[in-house]
Structure formats: C-alpha cells, structure tokens
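> The following block contains the structure, expressed as structure tokens.
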Amino acid sequence: MKTKLITLILALTAGSAFGHGEIKIGPNGGRVVELSKDGSTLGEVSEKDGKFQIEILDGKMKSVPLADQELTVTSGDRDNPEKLPVEKKDEKYFVAPTAKSGQWVILQYKANSKAKPVTARFHYDTKVGDDGKTPNWLYVH
C-alpha cells in the first residue's frame with residue numbers, strides 16, 4: 009500500500025519536476041522567474057508599452073533597487089538566437105524589446121559583474137489562454 013501511494017504521488021508531481029509546473033504571478037501581475045539558486049532573488053517579467061519590463065524582487069516579493077546587477081535577454085530559436093538590447097530604467101527595472109510570440113526568452117542575471125550568471129527561461133506565447141483574456145505566457149493553468 010505504501011509503495012502504491014508513493015508511486016501515485018510521484019506520478020502526480022512528475023510534471024512539475026520536469027518544468028511543467030504552475031506559472032507564478034508577481035505583485036504587479038507579471039510572470040515570476042527565479043534568478044537565484046536559493047530563491048532569494050526573483051524577477052517579475054511584465055509587458056509594458058510593447059516591451060518587457062523585468063523588476064528584480066527579493067524572496068519576499070519586495071522590489072530591489074538596481075545598482076550593479078546585470079541582465080542579458082536572448083530570444084529566437086536555438087539555431088538563430090538574438091540578444092535583445094537591455095537597459096536599466098529609473099533604477100527600478102530592466103527594459104528589453106518583446107520577443108516574437110512562440111519564442112523562448114532566456115534571461116541571464118548577475119547580481120554584480122563578478123557574479124556567476126543564473127539562467128531563467130520562459131515560453132513567450134501571446135495566444136489567449138483558456139480563461140479567454142490572459143495570454144498563455146501569463147496564464148496560470
């Protein structure tokens with residue numbers, strides 16, 4: 009009985025173990041991505057005025073002012089990746105052009121110039137989700 013229960017639990021949670029888990033929405037309505045190995049630094053990716061806006065958050069979802077942090081954003085397919093220009097705005101968030109719908113977006117974050125980069129990625133799908141109003145890249149399934 010115990011073995012069957014463990015097998016059932018593993019089967020039910022296998023999707024999240026392989027990266028198909030829930031999308032987490034941040035305090036400003038954007039998609040949350042992890043930018044650290046221990047969950048202490050997060051990024052909230054929103055779309056404003058046709059551009060990605062990436063705000064850095066601490067583990068408690070509070071905004072972190074930008075100082076020495078660096079962010080690289082890449083989109084496109086594996087055979088033809090494109091680095092998107094990134095700039096800091098108002099010492100509050102990073103701004104980069106949006107990718108084409110259906111492409112993967114790869115973020116490489118460094119806490120400072122000497123830090124090792126941490127990579128996060130998400131599929132930027134602008135088609136509307138099952139709720140009829142939220143784009144798939146922000147749709148919590």
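Residue numbers (my numbering): 9 to 149. All residues carry an ideal CB built from backbone N, CA and C; glycine is no exception. Computed from a predicted model, the values in this text were never measured in an experiment.
1. Which of the three DSSP states, helix, strand or coil, is assigned to L43?
2. Are the beta-carbon atoms of I62 and L146 separated by less than 8 Å?
3. Assuming E52 and V40 make a contact with CB atoms under 8 Å, what is their CB distance in whole Å?
4. Roughly how many angstroms separate the alpha carbons of V136 and N36, rounded to a whole number?
5. Alpha carbons only, please: which of T106, T127, I114 is nearest the one belonging to G58?
6. Mapping the DSSP letters down to three states, classify L115 as helix, strand or coil.
7. Hey, could you find the ends of the beta strand (DSSP E) G84 is sitting in?
8. Please report how far the alpha carbon of P125 lies from the alpha carbon of S109, in whole angstroms.
9. Spatial neighbours of D66 within its chain, please: C-beta separation below 8 Å, excluding the five flanking residues on both sides.
Checking against the coordinates, here is how it stands:
1. Your numbering for residue 43 matches position 35 in the sequence shown. Of the three classes helix, strand and coil, the one that applies to L43 here is coil, per DSSP.
2. If you number the sequence shown from 1, residue 62 lands on position 54. If you number the sequence shown from 1, residue 146 lands on position 138. No. Outside cutoff.
3. Numbered from 1 along the sequence shown, position 44 holds the residue referred to as residue 52. Numbered from 1 along the sequence shown, position 32 holds the residue referred to as residue 40. About 5 Å separates the two Cβ atoms, so the contact holds.
4. Here residue 136 refers to the residue found at position 128 when the sequence shown is read from its first residue. Here residue 36 refers to the residue found at position 28 when the sequence shown is read from its first residue. Their Cα atoms are separated by approximately 19 Å.
5. Position 50 of the sequence shown, counted from the start, is the residue given in the question as residue 58. Checking every option, the nearest Cα to that of G58 belongs to T106.
6. Looking up residue 115 in the sequence shown gives position 107. If DSSP states are grouped into helix, strand and coil, L115 belongs with the strands.
7. Along the sequence shown, read from residue 1 onward, the residue named residue 84 stands at position 76. Counting along the chain, the beta strand (DSSP E) containing G84 begins and ends at 78 to 85.
8. Taking the sequence shown and counting its residues from 1, the one referred to as residue 125 is at position 117. Taking the sequence shown and counting its residues from 1, the one referred to as residue 109 is at position 101. About 26 Å.
9. In the sequence shown, residue 66 corresponds to position 58, counting from 1. Closer than 8 Å at Cβ, skipping near neighbours: S48, T49, L50, V72.
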